[in-house]
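J.: Okay, handing you the structure first.
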Amino acid sequence: MAQAQPRSKVGELRPSQILFSAGIGAVIDLPNLSTMVMGLDDWDLTHAAELGEERLLAVVRRSLSYTVKRLLSPPVPPEADSLSPLLDESQRVGIPVSPFPTWMLCPSCRLLAPLQSGLFDLKTDRFRSDQNRYIHTNCPKGKYPPTVIPARFLVACRHGHLDDFPWRYFVHRGVDCQKGTLRLYEYGVSGSAADIEVKCDGCGANRRMSDAFGELGKKYLPQCRGRHVHLRHFADGGCDQQMVGISLGASNSWFPITLSVLSIPTTVDRLAQLVEKHWTVLEKAVSLEVLAAFRLIGQLKEFAKYTDAELWAQIQQWRSATADNMEDEAKDIKTPEWQVFSKADTSLNSADFWLSSVAAPKGYEAYFSQVVLVERLREVRALVGFTRIESPGDFTETGELPEDCWAPLSRQEPKWVPATEVRGEGLFIQFSEPAISQWENLPQLKAYKKQSVEAHRRWRTARSLDPDANYPGVRYFLLHSFAHALMRQLAIECGYSAASLRERIYSKSPDEDNGPMAGILLYTAAPDSEGTLGGLVSLGEPTTLGRHIGQALEQMRLCASDPLCAEHSPLQSLNSLHWAACHACLFSPETSCERGNKYLDRTLLVPTVKTELESLAFFQSVV
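If you want the working numbering, it's the position in the sequence shown, counting the first as 1, plus 3.
See the structure below:
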């Protein structure tokens with residue numbers, strides 16, 4: 004008899020979803036409930052594992068708080084040994100949630116009331132937790148008590164606050180009658196806010212939900228109360244923002260703020276690599292005796308051929324080096340990665356990092372100096388906060404987010420943050436520095452540089468940011484545009500979806516610190532085995548990659564939206580910061596692009612239909 008396959012449990016999430024779609028402060032839908040993921044104060048860390056990545060920890064401490072000491076993976080329940088869910092302790096392991104919104108709607112009698120009113124009863128199923136639900140026991144309609152559903156409207160503000168919709172205030176226009184129950188009626192089949200009406204049974208007051216959105220919403224909704232549902236807390240001093248009406252499940256109700264680094268080896272010494280790998284355990288060894296105890300209980304089996312003295316000496320050396328270097332690396336996390344990839348030293352290869360260098364793509368030897376095949380790669384990501392209404396993509400750097408828009412993960416200063424690790428593969432392509440320097444010095448590029456600086460300043464000024472900060476330069480425009488063009492082409496043949504590919508751009512001019520840099524890393528970072536299929540590395544051989552680069556550049560010459568796309572300029576409006584680029588030619592999924600599809604222009608790659616800019620193309624001689 005074939006063995007039955009285990010089924011996924013209702014409410015089960017992948018670790019990566021805790022960072023990108025269902026993290027702290029996000030609303031998650033269950034079969035009969037809508038819930039809020041609670042803050043770090045409510046988490047049980049019994050089954051949470053510590054992730055070792057000192058570079059990321061230094062970045063998190065610098066960006067969030069110096070009280071952060073650890074990076075922890077979400078709690079994972081152990082494999083259940085019991086056949087009965089009543090005896091399965093793994094059912095109690097996970098991430099805490101709480102019902103939200105608390106206002107519920109009876110689909111039969113249209114009663115609208117909060118859970119605190121006592122009008123709804125919780126009905127649980129001991130054997131099927133996915134069937135847990137609230138019911139309207141005393142509903143006058145229907146033979147059986149109907150299952151109530153969450154109210155589909157909420158309010159939020161740009162300071163990261165979220166709250167139940169102020170139903171009584173809204174329908175009574177600020178003066179509550181205090182004597183009637185509310186009901187929510189829908190007219191027609193469109194489901195639009197204009198066809199939904201809330202009504203008070205006591206005084207007869209009624210109002211269409213369309214009054215809660217847009218300019219009318221600013222007029223008729225009260226001031227924000229400063230509520231953080233995930234923290235069970237209200238902001239000290241309240242909030243000075245106006246409430247904004249949103250729908251349950253709206254995409255602008257939660258935007259994660261994440262940080263990530265690539266795990267790169269820092270030494271060729273095997274013992275030092277092992278110490279770095281197991282640092283989360285070894286850092287707790289405060290003496291030689293404690294270290295010996297760790298070895299006795301079997302936590303350090305990989306160090307069997309080294310003596311306690313050798314290991315202790317390496318721990319001391321690593322501890323002093325970490326204290327000196329990590330703070331500097333936190334300011335510039337890409338420079339160490341660039342140095343490792345550009346040198347392509349195979350003696351650094353380890354279980355989590357394996358690379359080899361090959362020749363430049365065939366036919367493009369004048370433009371690229373080398374290609375590095377990264378067969379094994381590990382990326383560690385951490386969630387450090389979230390925003391509502393305003394997306395972090397509206398800003399060019401995480402550090403530029405206004406402090407009052409950054410919603411916290413805990414009531415107190417956090418001592419840890421949620422993190423995940425993913426493994427994959429990648430291609431590192433290093434541009435020829437002489438070729439890119441020659442292109443940057445083209446006389447015809449001067450006018451373009453001036454316009455790009457002006458567009459950058461206008462875009463940042465409109466968002467109350469320092470207009471002169473974080474301008475990446477035209478070198479970055481070129482590298483970024485090439486990365487997007489090549490990602491779109493490789494996704495066709497490598498076997499990965501477009502959203503599974505990511506980019507890291509290494510761009511610095513010769514006059515910058517640690518410059519020059521000119522390279523791109525295209526890699527996979529899937530949370531399962533998909534990230535290590537080998538399909539991306541196999542396309543890095545000189546002949547194969549040369550063919551794909553040629554096809555990618557050919558696709559950039561003409562866009563389905565031309566001539567509008569080719570003639571687009573960010574100087575035309577303040578809502579965009581890209582030139583000849585759109586969803587039909589150069590845009591990538593937001594999970595793939597490190598700059599939110601900004602600073603893109605395919606006219607810097609190849610000539611387009613805008614003939615007056617033909618001389619700006621970097622790959623002009625091969626097209």
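For every residue, glycine included, the Cβ atom is placed at its ideal position computed from N, Cα and C.
In whole angstroms, give me the CA-to-CA distance for N35 and P364.
T.: 55 Å
J.: Checking 7 Å against the spacing of the C-beta atoms, do T38 and V100 come in under that value?
T.: Between T38 and V100, the gap from beta carbon to beta carbon is short of 7 Å.
J.: Hey, A385 and A422 are a contact pair by Cβ (cut 8 Å); roughly how many whole angstroms apart?
T.: 4 Å
J.: Grouping DSSP H, G and I as helix and E and B as strand, with all else coil, what is M41?
T.: Three-state result, M41: coil.
J.: Verify whether the separation of the beta carbon atoms of A587 and A488 is less than 7 Å.
T.: no
J.: When you compare each of C203, E557, E340, V289 to G522 by their alpha carbons, which one comes out closest?
T.: Checked all of C203, E557, E340, V289; the closest Cα to G522 is E340.
J.: When DSSP builds the beta bridges, which residues end up paired with T70?
T.: DSSP lists no partner for T70.
J.: Restricting to Cα atoms, I'd like to know which of R463, W419, Q492, S510 is closest to H483.
T.: S510
J.: Name, in chain order, the residues that DSSP records as bridge partners for P102.
T.: Looking at the DSSP output, P102 bridges to T38.
J.: What are the boundary residues of the beta strand (DSSP E) that includes P411?
T.: No beta strand (DSSP E) holds P411; DSSP gives it neither H nor E.
J.: Does the beta carbon of S500 come closer than 7 Å to any beta carbon on chain B?
T.: Reference to chain B is not applicable here, since this structure consists of a single protein chain.
J.: Does W442 come out as helix, strand or coil in the three-state DSSP assignment?
T.: helix
J.: Note down, one range per segment and in chain order, each alpha helix (DSSP H) of at least 4 residues found wholly within the region 229-292.
T.: 273-280, 282-285
J.: Report the start-end ranges of each alpha helix (DSSP H) in the region 150-238 that is 4 residues or longer and not cut off at the edges.
T.: Along the region 150-238, the alpha helix (DSSP H) occurs as fully enclosed runs of 4 or more residues at 170-174, 217-223, listed in sequence order.
J.: Tell me where the beta strand (DSSP E) around G427 begins and ends.
T.: Membership of G427 in the beta strand (DSSP E) is indicated by the continuous run 419-434.
J.: If you reduce the DSSP assignment to three classes, tell me which class K511 lands in.
T.: strand
J.: For the region 405-422 against the region 432-441, are there 3 or more C-beta pairs whose distance is under 8 Å?
T.: no
J.: What did DSSP end up calling D382 once you bin it into helix, strand or coil?
T.: This sequence places Glu at residue 382; Asp is not what is there. Three-state DSSP puts E382 in a strand.
J.: Can you give the Cα-Cα distance for L187 and R113, rounded to whole angstroms?
T.: 6 Å
J.: Could you tell me if Q276 is buried or exposed, where buried requires 16 or more neighbouring beta carbons within 10 angstroms of its beta carbon?
T.: buried
J.: Over what stretch of residues does the beta strand (DSSP E) that includes P117 continue unbroken?
T.: In the DSSP annotation of this structure, the continuous segment of the beta strand (DSSP E) that includes P117 starts and ends at 114-117.
J.: I'd like the span of the alpha helix (DSSP H) that includes V343, first residue to last.
T.: 337-346
J.: Cβ-heavy atom distance between F258 and the ligand HEM below 6 Å?
T.: No copy of the ligand HEM appears in this structure; indeed no ligand is present at all.
J.: Output needed for A486: all residues of its chain with C-beta closer than 8 Å, excluding positions within five of it in sequence on either side, in chain order.
T.: For A486, where only same-chain residues beyond five positions count, the Cβ hits under 8 Å are E506, I508, I523, L525.
J.: Please confirm whether R560 and A583 have their CB atoms less than 7 Å apart.
T.: no
J.: If I follow the unbroken beta strand (DSSP E) through W462, where does it start and stop?
T.: Here W462 belongs to no beta strand (DSSP E); instead the alpha helix (DSSP H) covers 448-464.
J.: Cα-Cα, which of C203, E218, T261 is closest to G26?
T.: T261
J.: Tell me, please, whether the region 135-145 touches the region 177-191 by the rule of three or more beta-carbon pairs shorter than 8 Å.
T.: no
J.: I'd like to know whether the C-beta atoms of L358 and I318 end up nearer to each other than 7 Å.
T.: no
J.: List the DSSP bridge partners of I138.
T.: Answer is D124, T150.
J.: Kindly list the residues whose CB is nearer than 6 Å to the CB of I249, restricted to its own chain and excluding five residues on each side of it in sequence; keep chain order.
T.: L157, A159, S256
J.: Confirm, please, whether the CB-CB distance from L165 to V387 is below 7 Å.
T.: no
J.: Here's a check: name, in chain order, each residue in its chain whose Cβ is nearer than 7 Å to the Cβ of G229, leaving out the five neighbours to either side.
T.: H164, F237, A238, G241, C242
J.: Could you work out which residue in D348, K334, L589, V420 is closest to A51 when comparing CA atoms only?
T.: V420
J.: Look at the alpha carbon of S19 and the alpha carbon of D45, and state the distance between them as a whole number of angstroms.
T.: 20 Å
J.: Helix, strand or coil: how does DSSP classify R550 here?
T.: Helix.
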